[in-house]
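Counting from 2, one number per residue, gives the positions in the sequence shown under this note's numbering. Heads up, the thing below is written out as structure tokens.
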Amino acid sequence: MNTKVNGSTIEISLEGPISEKTSLFELNIQNYKDIKLNMSKVTFINSIGVKNWIMWTCRVPTDAKLSLDECPFVIVNQVNIVQGFLPKNARVTSFNAPFLCEDCSHEHVIKLSENVHYNYAGEQESKLNLPSEIKCSKCSAKLEPDFIVDKTFGFLKK
């Protein structure tokens, strides 16, 4: 884990598994108003990691913003299926989603970003703008999402 502090903002880069040994859970975050987590190098999360994560997010000050950037797909799944995984003051700002070429079965991971590919529900409904013309790097056929769109973006409505 690496941290960078700039005034009331802390940027945290996580690496490896989220488990009982994750040092994030020992970090004092009480004095920060903007907590940015880069999760691009997170490999998985186990059940104890989920429990500790929820306990850690309960310590995030209610007036602070929590941003999750470059989430692996496994984290987005937890956001959608575990009640309380993502507190109200948190946002998934980007995540890596699986796409598949139906012609050659090659898998691709595409980064989807807030305000580009999706928007959170505000006074209006949430909006999706998934990439539609992504071509397979092997055969140039069109890629399709390898996930259930409504379920994956369920976090937008919470």
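For glycine and all other residues, C-beta sits at the position ideal for the given N, C-alpha and C.
About 6 Å separates the CB atoms of P73 and N97; that is less than 8 Å, so the two are in contact. For V93, no alpha helix (DSSP H) run applies; the uninterrupted beta strand (DSSP E) run containing it begins and ends at 91 to 93, by DSSP.
Sequence-distant partners of I13 (beyond 5 residues in either direction) whose C-beta falls short of 6 Å from its own C-beta, in its chain, are T4, L38. According to the DSSP secondary-structure assignment, H109 is paired through a beta bridge with F100. Considering only E126, K139, K143, the residue with the shortest C-alpha distance to F154 is E126.
Distances from the CA of E16 to each of I55, K42, E108, H109 were compared; the closest alpha carbon is that of K42.
Relative to S141, the option among D64, C102, N7 whose CA is nearest is C102. Scanning H109, N32, Y121, S9 for the CA closest to the CA of L157 turns up Y121. The three-state secondary structure of N39, taken from DSSP, is strand. Uninterrupted alpha helix (DSSP H) stretches at least 4 residues long and entirely within the stretch 52 to 95 occur at 74 to 82, given in chain order. Distances from the alpha-carbon of L69 to those of I135, N78, I49, R92 put R92 closest. If you draw a straight line from the Cα of V83 to the Cα of S106, it is about 30 Å long.
Taking C-alpha positions only, I55 is separated from L87 by approximately 8 Å.
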